[in-house]
Each structure stands twice: as C-alpha cells, then as structure tokens.
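There are 2 protein chains.
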Amino acid sequence: MFNQLGVIGCGLMGGSFALALKRAGLVKRVIGYSKSPSTTEKAKKLGVIDDTAESALLAVSGSDIVLMSVPVSASEATFRAIRHLVEPGVLFMDVGSTKRDVVDAARRVLKDRVGSFVPAHPIAGKEVSGVAHADASLYAGRQVIITPLPQTDPDLVQKATDVWSAIGSQVLRMTPENHDAAFAAVSHLPHMLAFAFFSSVAKQPAGRDFLSLAGPGFRDFTRIAASDPEMWRDVLMANREEILKQSMRFRHTLDAMEHVMKSGNVEALEDLIRNASEARANWQMGATKPGSGR
Amino acid sequence: MFNQLGVIGCGLMGGSFALALKRAGLVKRVIGYSKSPSTTEKAKKLGVIDDTAESALLAVSGSDIVLMSVPVSASEATFRAIRHLVEPGVLFMDVGSTKRDVVDAARRVLKDRVGSFVPAHPIAGKEVSGVAHADASLYAGRQVIITPLPQTDPDLVQKATDVWSAIGSQVLRMTPENHDAAFAAVSHLPHMLAFAFFSSVAKQPAGRDFLSLAGPGFRDFTRIAASDPEMWRDVLMANREEILKQSMRFRHTLDAMEHVMKSGNVEALEDLIRNASEARANWQMGATKPGSGR
Chain Z
125 MFNQLGVIGC GLMGGSFALA LKRAGLVKRV IGYSKSPSTT EKAKKLGVID DTAESALLAV
185 SGSDIVLMSV PVSASEATFR AIRHLVEPGV LFMDVGSTKR DVVDAARRVL KDRVGSFVPA
245 HPIAGKEVSG VAHADASLYA GRQVIITPLP QTDPDLVQKA TDVWSAIGSQ VLRMTPENHD
305 AAFAAVSHLP HMLAFAFFSS VAKQPAGRDF LSLAGPGFRD FTRIAASDPE MWRDVLMANR
365 EEILKQSMRF RHTLDAMEHV MKSGNVEALE DLIRNASEAR ANWQMGATKP GSGR
Chain E
125 MFNQLGVIGC GLMGGSFALA LKRAGLVKRV IGYSKSPSTT EKAKKLGVID DTAESALLAV
185 SGSDIVLMSV PVSASEATFR AIRHLVEPGV LFMDVGSTKR DVVDAARRVL KDRVGSFVPA
245 HPIAGKEVSG VAHADASLYA GRQVIITPLP QTDPDLVQKA TDVWSAIGSQ VLRMTPENHD
305 AAFAAVSHLP HMLAFAFFSS VAKQPAGRDF LSLAGPGFRD FTRIAASDPE MWRDVLMANR
365 EEILKQSMRF RHTLDAMEHV MKSGNVEALE DLIRNASEAR ANWQMGATKP GSGR
C-alpha cells in the first residue's frame, strides 16, 4: 500500500496506472503533473488524479511511488527536473517502449541515485491517446517488462513486481539490450510497417476510393497505424539501430516472396505462405514466459 | 426465392452463403459438392447443405442459383466441369478475391453462355477456413463487389444484387480491372506483408522468445498471416502484377521513413507518422460508397 502516487505525464498510460492503483486500493492519493495544464485539469476532473502539481518535482514531493509516463525523448529532461527528490526507498518507474535510451538517461542524470529507478515497459496500449481514454483495466492480463540495473535496489524491484502483479500484470525481467532487440521485432517494426503501408495506400491517386473498399483484414492490419505520432517518433528514433536490422530481415523475406511470384514458382510461394500461416495459427499472445521475474 | 442452391466448394465462404440463404428463407434446398467427399459429408452433418452431389455438374443440375467457392486457380476447371448445364436464367456466381483471372476463365470456357455468370467478391472472411467455421452472419454488413461483363444478363445482375442485399451485404459494381487494382492495395499486399513479416520474426534465432513477448498490436497486425495458404497462393499469383506495383509503392514509403530515421531528421519522421496516423484515425470501414450498384 502506497501513500501517494505521483504521475508525471497524465496521458493514457499514466492515467490508466492511477486508475488501476485506485481501484485495487493500493494508493491513498494521486497527484499528477502534465506539461499542459489543461491535461492535468482534465485528469483531475475525470477523477484520474486527486490533485494537480505545478511541476514534475512537486509531483514527486511527498510521493512514495512515482510513474513517469512521458515520451521517451523527454526522459532525460524529466530526470533532471526531479533528481533532487530522487531518494532511497521511493519507487520510480517509467513506461517507455524503449529501454536502453531511458536507462542511459537515468544513469547520466541520477548518477548514484539511479538505484531508485526501476525501468518498466507495460505491453499495453491503445491506438488512441490522452487521459480521456485512461482505463483501470489497461494493464490487466498484460505483460510488463522490467529491466533493472546492477545498482537497482532489490527491494524496489520487488515492490515494482508486486504493484504490477496486484493490478493483474505479469512481470518479466530482461536486460535493456534484450528488451530493445525483442521489441524492435514484435512492436516497433510492425508499427513502422503499418505507418508506411497506410501512407502508401492513402497518398496514391485512387487512394480514397481504394480505402472505401477495405475490409476487416485491412482494418486490423492497420489499427496500429493510428498510434500517437510523438510517441512513435521517439521510439523509432531511440531504437533505430535494432529496428533497421529487423527491417532488413523483413525486406529479405519480402524479396523472397516477390521472387517466387515473379518466377511463377507456385509451390515455393505456397510453402512460404504455409510456414507463416501455420506459425501464426499456433501463436498465442503471452503463451510462454521466458525469464519470469516472480 | 430460389428453389435450389448448388454450392461448389463447401468451405467457409460457400457454407456461410448457404447458411445465410437458409436463415433468410431465400432457398428451399441446398445441394453441395466438394473435391473431398469428407468435406461434403461434414457440411451435410452440420446442416449447411441438405444433400451431397457426386460432382460439380450434379450440384448444378436442378439448381436455380449456383455459388462456386473454390480457390481461384480452380475456376477454369470448375467452369469446364459445369459448362453443359450453364443455362440462361440460372444465376452463377463465384466468391474469388481476384476477378480478372476468373472472368477470363469464364469467357474462355463458357463462351456464349458467359452471360449467366455474375462475378462476385464478398469482402468478408476469417483467418480460419473450412465448413466448420461457416457462419450465417459472415456477409452481414459487408461489401460485395460484383464485376459484370457487357454480356452479363441484366436480370441476373439484379438477382445477384437482391440476394446479397437480402443477407445484409452492400453491393457495389466495378470493372474486373478496377477491382483487382483496388484489392491489390487494400487486401492482397497487406496479406503478403503479414506473411513476410511473421515469417521474418519467427525464423530468426531468437524468434521464439520474441514471439512470447508480443502484445495486442502485434496480434492484430499479424491476424491475416494465419490465412489459408492455398487460397492466398492463388490470389498472389493471379494478381501479381498489381500486387508488385503496390509493393513497389510501399517500399518507396518505407525507404523514405528509413532515410529520415538514418539521417536523424526527427521532424520529417514525425510528419510521416502523423500523416499516416491522422489518415488512419479518420478512416472507417465501408464509410463511403463509390459507384453503388443499387
């Protein structure tokens, strides 16, 4: 049980965390700060936070748990803003989709206080953003990756594990490097492909007519193309090395499919499709748990 | 109201059409034929068809409406098998995802009887195949494209429009060429990308671990990668010219994204993402209706 949750960045992710902790009775009071005062006000009106803070630092003051839910490019500035109140025993977490860059910023700015920071990435989200979409159930049944450093306080790692578990998430531990390599493959590249694909259809001369004909397969394939531009700009930039590696692999597979189509090798084409189709049919979200953190 | 529906190919699409017509009280009796006798038996046991036919020709005999729901590469052979019973006044339709190849086969084989054939493509489906997944509601609220030829009997075009409308579909008319160009963009290419992407992740050394970490965005993006290999082999081959054109466009957009990532042009990257994101957020399935056939 926490006395006060400080939320820095009252958007979809931060707001949903606040609602989930409240619903689970895990926190007495939530104080929130957002860059835009109107966002903070909205969060208060919606009952997501109990009080507004005038600055990130004031959201930390008096809190025993702090969630930073800002675009990853704002991590360093946020650490700078709060570093004087980063004290032992207080749990600091983020929700960034990339971890190496956030961990580097934490090391640079927090220095010997970095042990209070437990880097976290909940595998949850919506294609809509903003506190109005905050949802107490967003993290239920979802995986949360934490990437502690050698210096991270083990008690805080345990607290982090407990709080995510208490709101229904399954906690896994990884290194920041393995995290970024894995999510380049299963999250960042698919987002990049969805953005590129949707644009490529929408901007062609007959794009408007084509889009009016698209069905449920297209709808699901492109859902993530509606994701938040600022957030994804940061993710694609922060993890571009791994993403470009994955893109290269993808292009090789696409080349192979086009090659068999062009050469009329129907059997090889069917084999390629069958491999994908069977593997996807056998895949289930969150089915196995490598390196569980519990 | 029809006396007898003949279904050639008792799979997901044919079976769902039979169930929908029965539920709507549009047909007295359904007779079905499939290449594999066990499929036909299963369709009968499930109540999808009332009687089994020993051949495609026998499924046509006595029917006043016939639905061919076979892989598009089997269209020509199917037309050959039934051509002696293709008679004026009987409505023949297919459900193929490509139309130029099917129309060409119909012209070649049916010759002066081609007027009985109303080429159709319902924009509906599931990532699972087989009569066990047949569903009377599959076509409700979905678009159906019909691509009549100059020789097509206008009365049959009207009948086709009426029967799809009666089971809840919205009928649009297009030329086979426009159909194939549009669906290369909004259906065939996304399937190809989903197959290639899933394969590319699954086959890398850490693929298994990566897949265990994937979340809801990945799940929706790859849903169509589980689609039927035989059907999609045919679609990708039949419409490869248009698909390869679309793939080229997609690659150019992907190139542009990678270029701005590599050069660190954060603003340009955000612009590219924002264009896609806003366009996708404003898109709604079946929202506008170019050239409605009603």
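For the record, the sequence lines run as chains Z and E. Numbered by my numbering, the letters in the first sequence go through residues 125 to 418 in order. Numbered by my numbering, the letters in the second sequence go through residues 125 to 418 in order. Every residue, glycine too, gets a C-beta built ideally from N, C-alpha and C. Treat the numbers as computed from the prediction; the structure is a model and nothing was measured.
- With respect to the 9 angstroms criterion, K169(Z) and M125(Z) are not classified as neighbours on the basis of their beta carbons.
- In chain order, V390, L393, E394 and I397 make up the part of chain Z whose C-beta sits under 8 angstroms from the C-beta of R357(E).
- With fewer than 16 neighbouring CB atoms inside 10 Å of its own CB, N406(Z) falls in the exposed class.
- The Cβ neighbour count for Q128(Z), taken over all protein chains shown within 10 Å, is at least 16; the residue is labelled buried.
- Contact between V233(E) and S193(E) does not hold, since the beta-carbon distance rounds to 18 angstroms and is not under 8 angstroms.
- Residues of the segment 336-354 of chain E with a C-beta atom less than 9 angstroms from some C-beta of chain Z are S336, L337, A338, G339, P340, G341, F342, R343, D344, F345, T346, R347, I348, A349, A350, S351, D352, P353 and E354, listed in chain order.
- Identification of chain E residues near V196(Z) by a Cβ-Cβ cut-off of 7 angstroms yields none; the smallest Cβ-Cβ distance measures about 12 angstroms.
- Straight across, the Cα-Cα distance linking T222(Z) with A309(E) is about 32 angstroms.
- Neighbours of A248(E) in chain Z, taken as residues at a C-beta separation under 9 angstroms, are given in chain order as G339 and P340.
- Taking C-alpha positions only, L273(E) is separated from D279(E) by approximately 13 angstroms.
- Scanning L215(E), E165(E), R224(E) and I397(E) for the CA closest to the CA of F321(Z) turns up I397(E).
- Proximity to F342(E) across M409(Z), F241(Z), G292(Z) and E178(Z) peaks at M409(Z), based on C-alpha coordinates.
- Setting aside the 5 residues that flank it on each side, A392(E) is surrounded in the same chain by V384, each with a C-beta closer than 6 angstroms to its C-beta; the list follows chain order.
- About 25 angstroms separates the beta carbons of S240(E) and L136(E), which is beyond the 8 angstroms limit, so they are not a contact pair.
- In terms of Cβ geometry, I189(Z) and K283(Z) form a close pair [threshold 9 angstroms].
- Shortest Cα-Cα distance from G339(E) to any of L378(Z), S323(Z) and I269(Z) involves I269(Z).
- V310(E) has a beta carbon lying within less than 9 angstroms of a beta carbon in chain Z.
- Listed by position along chain E, the residues whose Cβ is nearer than 8 angstroms to that of L143(Z) form an empty set, because the closest Cβ is around 19 angstroms away.
- At least 9 angstroms separates the CB of S160(E) from every CB of chain Z.
- Cβ neighbours of E354(E) within its own chain (closer than 7 angstroms, five residues either side excluded): P195.
- The beta carbon of I270(Z) sits no closer than 9 angstroms to any beta carbon of chain E.
- Between the beta-carbon of L191(Z) and that of G138(Z) there is about 6 angstroms, and that keeps the pair under the 8 angstroms contact cut.
- Residue pairing for T176(Z): DSSP places it in a beta bridge opposite G156(Z).
- Residue state for V242(Z) is assigned as strand, using DSSP reduced to three classes.
- A148(E) is outside the set of residues whose beta carbon lies under 9 angstroms from a beta carbon in chain Z.
- Counting every other CB atom within 10 Å of its CB across the protein chains shown gives K146(Z) a total of 16 or more, marking it as buried.
- At a cut-off of 9 angstroms between beta carbons, D304(Z) makes no contact with chain E.
- Excluding the 5 residues flanking it on each side, R207(Z) has same chain C-beta neighbours closer than 8 angstroms at V233, L234 and R237, in chain order.
- Secondary structure of I367(E) (DSSP, three-state): helix.
- For M355(Z), the enclosing alpha helix (DSSP H) covers residues P353 to A362.
- The beta-carbon of L136(E) is placed no less than 9 angstroms from the nearest beta-carbon of chain Z.
- Rounded to whole angstroms, L143(E) and E165(Z) show a C-alpha spacing of 53 angstroms.
- Taking 9 angstroms as the threshold, the shortest C-beta distance from V226(E) to chain Z does not fall below it.
- For D279(Z), no Cβ of chain E is located within less than 9 angstroms of the residue's own Cβ.
- Between A260(Z) and S140(Z), the gap from beta carbon to beta carbon is short of 9 angstroms.
- Here DSSP, grouped into helix, strand and coil, assigns N389(Z) to coil.
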